[in-house]
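What follows is a short report on a single structure.
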Amino acid sequence: MRERLFHRRQRGFITWDATVAVFIGVTLLMALSGAVIRQQRSVQELARNRVAIRLCDEALLALQAGQRAPDGVQIERLPDPAPGDQRWVRVSAAHGGRTVTLTGLVPGGKP
Numbered sequence: 026m027r028e029r030l031f032h033r034r035q036r037g038f039i040t041w042d043a044t045v046a047v048f049i050g051v052t053l054l055m056a057l058s059g060a061v062i063r064q065q066r067s068v069q070e071l072a073r074n075r076v077a078i079r080l081c082d083e084a085l086l087a088l089q090a091g092q093r094a095p096d097g098v099q100i101e102r103l104p105d106p107a108p109g110d111q112r113w114v115r116v117s118a119a120h121g122g123r124t125v126t127l128t129g130l131v132p133g134g135k136p
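First residue of the sequence shown? That's 26 in my numbering, and the numbers climb one at a time after it.
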């Protein structure tokens, strides 16, 4: 009789341990899946930023080479003094809800 009672209690502890282990496993799985989702969103955000930065870069390089800036790029002359016959300009581009601004020197008559 005593042995039977002991086995019943022991079974109860094993069931409790298994339940706690499953709970911990599910909690860890949820935390890791949340981290993966956040990481994917960050990757997408960085990709959008890179495209906007590339647009600004291309526009500033075109202006420095004496060419026209690509469409979809805003160019603003800045009143700050610049060396020689150059001018400071601020180039802004928007892509995917992100606006990126780049400041640089261009030859005096541009843009």
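Ideal Cβ positions, reconstructed from N, Cα and C, are used throughout, including at glycine. Note that the structure is predicted; figures quoted are calculated from it, not measured.
Problem set entry | Distance, W113 Cα to P132 Cα | 9 angstroms
For this session: Please list the segments of the beta strand (DSSP E) lying wholly inside the stretch 87-114, counting only runs of 3 or more residues, in order along the chain.
Result: 98-102
Exercise. Cβ atoms of L130 and Q111: under 8 angstroms apart, would you say?
Worked result: yes
Exercise. Name the DSSP beta bridge partners of A77, please?
Worked result: In the DSSP output, where bridge partners are listed per residue, A77 has none listed.
For this session: Work out the CA separation of T52 and I62 for me, nearest whole Å.
Result: 16 angstroms
Exercise. What residues are listed by DSSP as bridge partners for L127?
Worked result: V116
Exercise. Would you call the stretch 93-103 and the stretch 113-125 touching, i.e. three or more CB-CB distances under 8 angstroms?
Worked result: yes
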